[in-house]
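Colleague: Once you've had a glance at the structure underneath, I'll fire off some questions.
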Amino acid sequence: MKDTTRTISWIKAAQKEFLRFPAGVQEIMTDALTMAAKGEKAAIAKPMKGLGSGIFEIALSYRGNAYRAVYAVQIDEDIWVVHAFQKKSTKGIKTPQTDIDLIRERLKRLKEQLK
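So the mapping is simple: this note's numbering equals the position in the sequence shown, first residue as 1, plus 5.
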């Protein structure tokens, strides 16, 4: 049986943001990304609406704070983490438009780089 685990790749800025998260958040999100790399979906991951298919968001509440990581599964052979951020929105569960715009821009650039 061959190993079908895909590589987890990072947009540098997303990795930098992710590394600022508390260790517990990093650990839980890394487990969720590892599941994605194996073709599974963690309970804390959900499709991100409005960004096309294959874009998922890992949403985690941790000690009263909300953390997010966004990854793409259909751009390349790899799983690409395109954005990680601590959500500070006071407007419910909606992802702030500035983050949506940033994710869109990073996805566009990533697709161009991988052509």
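Note that CB positions come from ideal geometry on N, CA and C, so glycine has one too.
In terms of residues, what are the limits of the beta strand (DSSP E) holding VAL86?
Modeller: 84-92 is the extent of the beta strand (DSSP E) around VAL86.
Colleague: Would you call SER66 buried or exposed, if buried means 16 or more other Cβ atoms sit within 10 Å of its Cβ?
Modeller: SER66 comes out exposed.
Colleague: Which whole-angstrom value is the C-beta distance of ILE84 and ALA42, which I expect to be below 8 angstroms?
Modeller: Contact flag correct, Cβ pair sits at about 5 angstroms.
Colleague: Let me know the beta strand (DSSP E) ranges lying completely inside the region 27-87, each 3 residues or longer, listed in chain order.
Modeller: You should have 50-52, 60-67, 70-77.
Colleague: Can you tell me whether DSSP reads ILE123 as helix, strand or coil?
Modeller: Given that the chain is displayed from residue 6 to residue 120, the structure contains no residue 123 and the question cannot be resolved.
Colleague: By DSSP's criteria, ILE13 is part of a beta bridge. Which residues make up the other side?
Modeller: The partner list for ILE13 (beta bridge, DSSP) reads ILE84.
Colleague: Exposed or buried, which one is SER14 when buried takes at least 16 other CB atoms within 10 Å?
Modeller: SER14 should be labelled buried.
Colleague: Do GLY55 and ILE80 have their C-beta atoms closer together than 9 angstroms?
Modeller: No, Cβ-Cβ distance for GLY55 and ILE80 is not below 9 angstroms.
Colleague: Return the chain-ordered list of same chain residues with a C-beta closer than 8 angstroms to the C-beta of THR12, the five sequence neighbours on each side being excluded.
Modeller: These residues qualify, in order along the chain: ALA42, GLU82, ASP83, ILE84.
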